[in-house]
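Chemist:
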Amino acid sequence: PICYFSILESSPQSQVSNFFHPRAASTMMTKNFAFSSLLMTALAGKIVAFTAPAFKLSQNSIMRQEQGISSMSMVLETAEKTELVAPPLAPLTVWGEPIDNIVDVQSKYRSSAAPSFPATIKCSDLGIDSSDVDAQLAYVKENAMEIKTRMQESSAVVFRGFDLMKTQDGFQEFYNALGMKVCLDPLHSVSARPTVDGNKNSPVYEAVNKESRKNFFIGMHNEFVGTRAPRAAAFVCFKAAETGGEFLIADGRAMFRDLNPDVVERLYNRNIRYSVMELPFFGFVDNLPDFAQGPTMGVIKGIVTAAINAKVDFSVDMRWGDAEDSYDKVKMLQARAPSQPPIVRHPVTGEPTWFCNVHSHSSKLRKDRESVYGAERFEDGASQINKSDMFFGDDGDISDEDLKHMDEVTMKNVQFIKMSEGDVVLLDNYKCMHGRNVFDGTRKHGVAWFEGWEGEEQMKTSAPF
Numbered sequence: 091p092i093c094y095f096s097i098l099e100s101s102p103q104s105q106v107s108n109f110f111h112p113r114a115a116s117t118m119m120t121k122n123f124a125f126s127s128l129l130m131t132a133l134a135g136k137i138v139a140f141t142a143p144a145f146k147l148s149q150n151s152i153m154r155q156e157q158g159i160s161s162m163s164m165v166l167e168t169a170e171k172t173e174l175v176a177p178p179l180a181p182l183t184v185w186g187e188p189i190d191n192i193v194d195v196q197s198k199y200r201s202s203a204a205p206s207f208p209a210t211i212k213c214s215d216l217g218i219d220s221s222d223v224d225a226q227l228a229y230v231k232e233n234a235m236e237i238k239t240r241m242q243e244s245s246a247v248v249f250r251g252f253d254l255m256k257t258q259d260g261f262q263e264f265y266n267a268l269g270m271k272v273c274l275d276p277l278h279s280v281s282a283r284p285t286v287d288g289n290k291n292s293p294v295y296e297a298v299n300k301e302s303r304k305n306f307f308i309g310m311h312n313e314f315v316g317t318r319a320p321r322a323a324a325f326v327c328f329k330a331a332e333t334g335g336e337f338l339i340a341d342g343r344a345m346f347r348d349l350n351p352d353v354v355e356r357l358y359n360r361n362i363r364y365s366v367m368e369l370p371f372f373g374f375v376d377n378l379p380d381f382a383q384g385p386t387m388g389v390i391k392g393i394v395t396a397a398i399n400a401k402v403d404f405s406v407d408m409r410w411g412d413a414e415d416s417y418d419k420v421k422m423l424q425a426r427a428p429s430q431p432p433i434v435r436h437p438v439t440g441e442p443t444w445f446c447n448v449h450s451h452s453s454k455l456r457k458d459r460e461s462v463y464g465a466e467r468f469e470d471g472a473s474q475i476n477k478s479d480m481f482f483g484d485d486g487d488i489s490d491e492d493l494k495h496m497d498e499v500t501m502k503n504v505q506f507i508k509m510s511e512g513d514v515v516l517l518d519n520y521k522c523m524h525g526r527n528v529f530d531g532t533r534k535h536g537v538a539w540f541e542g543w544e545g546e547e548q549m550k551t552s553a554p555f
């Protein structure tokens, strides 16, 4: 059998490196790939030809090929020059130094006073009228360092009753006054998350408002994709859903404190790794003659692995998954990210904090939630790839008992924040996990990501334990 896997050289490395996030994978495959079916099946000497996904040419490239440098293409190029300047990429993830004797560190942490979570700032408590946006902006500027210190101490700060943040312009004024340094969404290069105003390079992104995902409970997670993780984020409500749609937060330090020490030791010593994508397109292999299945699978896996790893800045392990283990009961290739620690020291305060997306990525926990909220609606082409799972770093399976325990501790620490128009949750992405409840109606929430903030270096302290 002969397999052809082609990725155009015009596809930037960052576009593929961000591929390994469930939402990024789904959008990449849907928008940027043209997947063709098995062209020929050969028996008794005939050739089996299989064409795998290929990046499509950009709109401008197609226009130039078909029309040359036409007036339309020149208009597009002029428009591109006037687009917003893109913020910098999200910063590299700070994994920090390994933590020796993780159980002893947890024991010492448990003996200390639990930090408050979250902090809340109400406009009415400040003596400022909710409609006085100038006074609100002045308050934020004058108290910027204190607000950011509260974010570090409490993991998150909830702002309520501020008309300033009811519009995107006001929201941007708010976080600029705080001295937050905006960065691109980790999924920006694959356009997986649309911007609120629809403009390319706009710094405010949609926060999973699609009607098709309203019955999808977004599990608790820290935002990181591949090797990049924003340092902080601000989530804003422009319109609240009629029912549900609460923004969910949980303190990673409380997670570390409350987890069973045996589970902590097991997970930390073996690390964890994610399956971040499934390619459920290979059911045809089972219909090939027995003698052809092994070689065909080897060639497909080898070419896909080589093509993807040539484009990303970390090693991705492509593995064949059994049909019975996939959502669609079809033979699939599964992409697994590198092994990583589930607990890290905070880049500023040195505190140990849970930095692990098991609650959102575990296939079992997601399926368990389907019994409560309904099926995740994986019918469309994009969602066929949007399937994740979690394993030990050595690829061993995590027991259902351990997964249940992590789920219980997570939900024990989750706070449901019902946001009204103009409300904002400013959070530290390393200390605070976030998620979203199911909803009915129309929901319009946005998010801005930050690579850091003014005064961050002055806040750095040595590890307390």
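So in this note's numbering, the last spot in the sequence shown is 555, and the numbers never skip.
Note that beta-carbon positions come from the ideal geometry of N, C-alpha and C, so glycine has one too.
(1) Short of 8 Å in beta carbon distance, which residues of its chain neighbour His-567, apart from the five on each side in sequence? Order them along the chain.
(2) Within its chain, find whatever has a CB closer than 7 Å to the CB of Asp-341; leave out the 5 residues flanking it on each side and keep chain order.
(3) Evaluate Met-496 with the Cβ neighbour count: other Cβ atoms within 10 Å of its Cβ, from every protein chain shown; 16 or more gives buried, anything less gives exposed.
(4) Could you tell me which of Phe-381, Asp-376, Ile-362 and Gly-536 sits nearest to Gly-486, measuring between CA atoms?
(5) Look at the Cβ atom of Val-514, then the Cβ atom of Phe-264, and state whether they are nearer than 9 Å.
(6) For the alpha helix (DSSP H) that Ser-365 lies in, which residues bound it at each end?
(7) For the beta strand (DSSP E) that contains Phe-506, what are its first and last residues?
(8) Counting pairs of Cβ atoms below 8 Å between the region 321-334 and the region 531-541, do you hit three or more?
(9) Within this structure, are the beta carbons of Ala-538 and Val-326 separated by less than 9 Å?
(10) Excluding the 5 residues flanking Lys-198 on each side, which residues of the same chain have their C-beta closer than 8 Å to its C-beta?
(11) Do Ala-234 and Gly-269 have their beta-carbon atoms positioned less than 9 Å apart in this structure?
(12) What is the rounded straight-line gap between the Cα of Asn-527 and the Cα of Gln-262?
(13) Compute the distance between the beta-carbons of Lys-231 and Ala-267, then report whether it is under 9 Å.
(14) From what residue to what residue does the alpha helix (DSSP H) around Gly-384 run?
(15) Taking all protein chains shown into account, decide if Asp-348 is buried (16 or more other Cβ within 10 angstroms of its Cβ) or exposed.
(16) Whose C-alpha, out of Ser-429, Thr-239, Ala-204 and Ser-202, is nearest the C-alpha of Asp-484?
(17) Identify the residues that DSSP records as bridge partners of Lys-212: which are they?
(18) Kindly indicate which three-state DSSP category Ile-218 falls into: helix, strand or coil?
(19) Start and end of the alpha helix (DSSP H) containing Asp-479?
(20) What residue ranges within the region 252-278 form continuous beta strand (DSSP E) runs of no fewer than 3 residues, ordered along the chain?
Modeler: This is what the structure holds:
(1) With the chain covering 91 to 555 only, the question about residue 567 has no answer from this structure.
(2) Here residue 341 corresponds to residue number 251 of the sequence shown, with the count starting at 1. Within the same chain, Asp-341 has close Cβ partners Phe-207, Ser-245, Asn-503, Lys-521 and Cys-522.
(3) Within the sequence shown, the letter at position 406 stands for residue 496. Counting Cβ neighbours within 10 Å, Met-496 comes out buried, since at least 16 surround it.
(4) For this step, residue 486 is matched to residue 396 along the sequence shown. Comparing Cα positions, the closest option is Ile-362.
(5) Looking up residue 514 in the sequence shown gives position 424. Looking up residue 264 in the sequence shown gives position 174. In this structure, Phe-264 lies closer than 9 Å to Val-514 by Cβ.
(6) The residue you call residue 365 lines up with position 275 of the sequence shown. Not the alpha helix (DSSP H): Ser-365 falls in the beta strand (DSSP E), residues 362-369.
(7) Within the sequence shown, residue 506 is the residue found at index 416, counting from 1. First-last of the beta strand (DSSP E) with Phe-506: 505-507.
(8) Yes, since at least three Cβ pairs between the region 321-334 and the region 531-541 fall closer than 8 Å, the two stretches touch.
(9) On the sequence shown, position 448 is the one that residue 538 refers to. On the sequence shown, position 236 is the one that residue 326 refers to. Their beta carbons are under 9 Å apart, which means Ala-538 touches Val-326 by this criterion.
(10) Here residue 198 refers to the residue found at position 108 of the sequence shown. Answer for Lys-198: Phe-555, listed in chain order.
(11) Counting from 1 along the sequence shown, the entry for residue 269 is found at position 179. Counting from 1 along the sequence shown, the entry for residue 234 is found at position 144. Yes; because the gap between Cβ atoms is below 9 Å, this pair is in contact.
(12) Here residue 527 corresponds to residue number 437 of the sequence shown, with the count starting at 1. Here residue 262 corresponds to residue number 172 of the sequence shown, with the count starting at 1. When rounded, the distance between both Cα atoms is 25 Å.
(13) Along the sequence shown, read from residue 1 onward, the residue named residue 231 stands at position 141. Along the sequence shown, read from residue 1 onward, the residue named residue 267 stands at position 177. In this structure, Ala-267 lies closer than 9 Å to Lys-231 by Cβ.
(14) Translated into the one-based positions of the sequence shown, residue 384 becomes position 294. Segment 380-399, the alpha helix (DSSP H) holding Gly-384.
(15) Along the sequence shown, read from residue 1 onward, the residue named residue 348 stands at position 258. Result: buried.
(16) Against the sequence shown, residue 484 aligns to sequence position 394. Checking every option, the nearest Cα to that of Asp-484 belongs to Ser-429.
(17) Counted from its first residue, the sequence shown places residue 212 at position 122. Looking at the DSSP assignment, Lys-212 forms a beta bridge with Arg-250.
(18) Here residue 218 refers to the residue found at position 128 when the sequence shown is read from its first residue. It is coil, neither helix nor strand.
(19) The count along the sequence shown starts at 1 and reaches residue 479 at position 389. Element bounds for Asp-479: not the alpha helix (DSSP H) but the beta strand (DSSP E), 479-482.
(20) 270-273
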